[in-house]
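Protein chains in written order, with my numbering: chain A, 243 to 524; chain B, 106 to 424. Here is the structure we will look at.
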Amino acid sequence: MSVRAVRSGRRGPVPYVVLLGFVAVAVLMVGPFVLVAMNSVKSRTDFAAHGGMSVPSSVDLDSFRTFWNSVGFTHVLTNSVVVGASVAVLAVVVSLFNAYAIGIGRVKGRLWILGVFLLGNLLPQEALVYPLYDLAKRVGLYDNILAVIIVFTVIQGAFGTYLLSSVLSSFPTEILEAARLDGAGRWRILWRIVVPVSRPTIGVMLTLFFIWTWNEFFIPMVLLPSSANQTVSVSIATTQGQHMVDITMQAASSMLAVIPAVIFFLLFQRTLTRGVAVGAVK
Amino acid sequence: MSQAALEPARPPGTTPEAAAVRGRRRRESLALYLLPGAALFVAVILIPMGMNVWYSLHQWYGIGPMKWVGLQNYVRLFHDSTFWTSFEHQVGLVLAMAVVPTVVGLVLAAGLFDYIGARFGGRTAGLLRACIYLPQVMPLAVMGVVWGWILNPRIGALNGLLGDVGLGSLRHDWLGDPRTALYTVMAVMVWVQIGFPLVIFMAGMQRIDPSLHEAAEVDGADWWQRFFRITVPIMRPETYVVLLMTTIGALKSFAAIYTLTQGGPGTSTNVPSYYSYANFFETTRVGYGAAIATVMTVITVVVTLVLLRLQSRQQEVRD
């Protein structure tokens, strides 16, 4: 029997035991989500009678409805979408400008500039949170999602600058030369040449920035105290234990935060795994 | 990032002189594009960073006048046992969020890639990978809420499950008992984090030449021998990147601590980021909170530089 056949063969019970081990790990990873989903559609009486581990006897969306209305979830969801989308687009524009100057323009001291930008992204947020809180109050942006949009445009843009600069530093010079000979200016070259050629990287960046911003918690929690202005994760986390004694309602509220994340995951799985790899190798 | 990545090869047919002239002209013109990004960065990152250091040199309660105290906050920090305990917990979280996931993730990735993938097909391996990666796409705060729900001592699913399978005697208030709280948080964090190294390592394994494994197999090497002799050395660059990113991630675990335990019971799961938050917004000792945050910034930068340094030295050795 050839080596390849041995390697791909399923002889004996061992491969199945290994597979079973991996399936057990997968169940452990997905199980908590299944449990929360199961209990979020249970009625209160069903939970009281059969506990957390039973399969729901019927699908009851009461907990969702009550939670949705009590925190004004439509509003909270809109906030998260607006913040995530604005940050994704603005941070890409900021990264693009910076990377145009650093990667293609090759400005002096670019390694230092990149280092400083990277520092901005790595910094523990507790080192920024109180000054940002103080500044937001002074300029009248406290409790306003605009403050969160500005802050995360800069934080994500710092990472985007780092990523895109190294991509653009290997941009084919002949294309730029040809455009210049045709009389295209800097602004035109950026939008007509650099942006279309970098579209794959820009796509990854838009996706990552949207999801990272969606998942942010610390700074949005501090900057957005009133429940109507909060984002999804802040709203879910801060309403726990307040007027939320009901365990099925807690499950329903967690589900409301998990569902959008699962949707993004399914929509962008390819982009995300590729993006993680791009971010890691650079 | 290596310097080489920023220095593309010169296009053929251009003299260095011409390139220098052109480069200078472009450098002058494109620097303008840095202005908006740099202005925003100064306003949102650099000025607040400076303000934080400034606060840390004062006694200040958030309102009223600031009182200059020099390095007194740092001196106090050095003798504050609550800070040192929170620092020990942080080390525990680095273990749970960086070291354990990297090691276990490498083994799982190799198992999925060249054992499961080879015998049961790439689709099976891909599906299992997706399941393990799932918690990584969720907000950390929501993962805290989900596990807080599962670990609820009275009505939580874990104690319910233990009761159902006849292990009722193992029921426990996992997060409420100071002796188990930190270990429980660490276990949850391993669960959250494991998918990240897995995905990076599986992507990296695609560059391993399969004939290496085949040759080793012909020579009678078993799976573990091939793992240690082939996979681990080739995955070294990925290992550094994963360790760096997960360690920095572990320093940003505020959301999980806030939703799972709020640092409690007592201070048994307190970490520096939560401790500084509590000083800022609960006891309003802003100067002291700022000192904690400054120390953590310095530590983050040092850890990053050390890991980057190790990584580049490794690269030099290989080259």
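All C-beta atoms, glycine included, are put in the ideal place defined by N, C-alpha and C.
Residue j and residue i - do their beta-carbons sit closer together than 9 Å?
i: A:Thr473; j: A:Trp456; result: yes
i: A:Ser475; j: B:Ala361; result: no
i: B:Tyr220; j: B:Trp329; result: no
i: A:Val500; j: B:Val247; result: yes
i: B:Ser373; j: B:Leu287; result: yes
i: B:Val174; j: B:Leu162; result: yes
i: A:Ala327; j: A:Phe452; result: yes
i: B:Gly249; j: B:Tyr379; result: no
i: A:Thr449; j: A:Leu405; result: no
i: B:Trp402; j: B:Pro206; result: For the sequence presented, residue 402 of chain B should be read as Thr rather than Trp. Cβ atoms of B:Thr402 and B:Pro206: not closer than 9 Å.
i: B:Tyr345; j: B:Leu412; result: yes
i: B:Gly253; j: A:Gln398; result: no
i: B:Ala143; j: A:Asn340; result: yes
i: B:Pro370; j: B:Gly261; result: no
i: B:Ile305; j: B:Val347; result: yes
i: A:Ala291; j: A:Ala493; result: no
i: A:Phe275; j: B:Val251; result: yes
DSSP three-state call for residue i: helix, strand or coil?
i: A:Lys350; result: coil
i: B:Met307; result: helix
i: A:Leu406; result: helix
i: B:His184; result: coil
i: A:Ile444; result: helix
i: B:Thr366; result: coil
i: B:Phe146; result: helix
i: A:Tyr384; result: coil
i: A:Asp488; result: coil
i: A:Thr473; result: coil
i: B:Lys357; result: coil
i: B:Gln330; result: helix
i: A:Phe394; result: helix
i: B:Leu256; result: coil
i: B:Leu272; result: coil
i: A:Pro438; result: helix
i: B:Trp291; result: The sequence as given places Met at residue 291 of chain B; Trp does not occur at that position. In this structure, B:Met291 counts as helix in the three-state DSSP scheme.
i: A:Ala426; result: coil
i: B:Trp159; result: helix
i: B:Leu280; result: coil
Checking the sheet assignment: what are the DSSP bridge partners for residue i?
i: B:Gln164; result: B:Lys172
Using beta carbons (cut-off 9 Å, strictly below), is residue i in contact with chain A?
i: B:Ile299; result: yes
i: B:Arg132; result: Residue placement at B:Arg132 is poorly supported in this model, since its pLDDT is 44, which falls under 50; the coordinates are not used for a value here.
i: B:Ala398; result: yes
i: B:Trp296; result: yes
i: B:Trp173; result: no
i: B:Tyr179; result: no
i: B:Ser274; result: no
i: B:Met106; result: Because the pLDDT at B:Met106 is just 37, under 50, the model does not fix this residue reliably, and the value given afterwards should be weighed accordingly. Taking Cβ atoms only, chain A reaches closer than 9 Å to B:Met106, which makes this a yes.
i: B:Val247; result: yes
i: B:Ser417; result: no
i: B:Ser378; result: yes
i: B:Asp314; result: no
i: B:Asp185; result: no
i: B:Ser191; result: no
i: B:Pro240; result: yes
i: B:Val406; result: yes
Would you say residue i faces chain B, with C-beta separation under 9 Å as the test?
i: A:Tyr375; result: yes
i: A:Ala247; result: Note on A:Ala247: pLDDT 45, under 50, position unreliable in the model; the coordinate value appears next. So no, A:Ala247 is outside the interface.
i: A:Phe506; result: yes
i: A:Gln511; result: yes
i: A:Thr254; result: Correcting the residue identity first, residue 254 of chain A is Gly in this sequence and not Thr. False, the Cβ-Cβ gap to chain B never drops below 9 Å.
i: A:Pro257; result: yes
i: A:Gly347; result: yes
i: A:Val446; result: no
i: A:Leu388; result: no
i: A:Ser337; result: yes
i: A:Tyr384; result: no
i: A:Asn457; result: yes
i: A:Arg434; result: no
In chain D, which residues lie less than 9 Å from residue i when you measure between Cβ atoms?
i: B:Ile221; result: Among the protein chains in the structure shown, which are A and B, there is no chain D.
| message | For a minimum of 4 consecutive residues, which ranges assigned as the alpha helix (DSSP H) are wholly contained in the segment 288–370 of chain A? | response | Runs of the alpha helix (DSSP H) inside the segment 288–370 of chain A: 304–313, 315–341 and 352–364.
| request: Quick one: which unbroken beta strand (DSSP E) runs of 3-plus residues sit fully inside the segment 381–411 of chain B? Chain order, please. | output: Annotation note: the segment 381–411 of chain B contains no uninterrupted beta strand (DSSP E) run of length 3 or greater.
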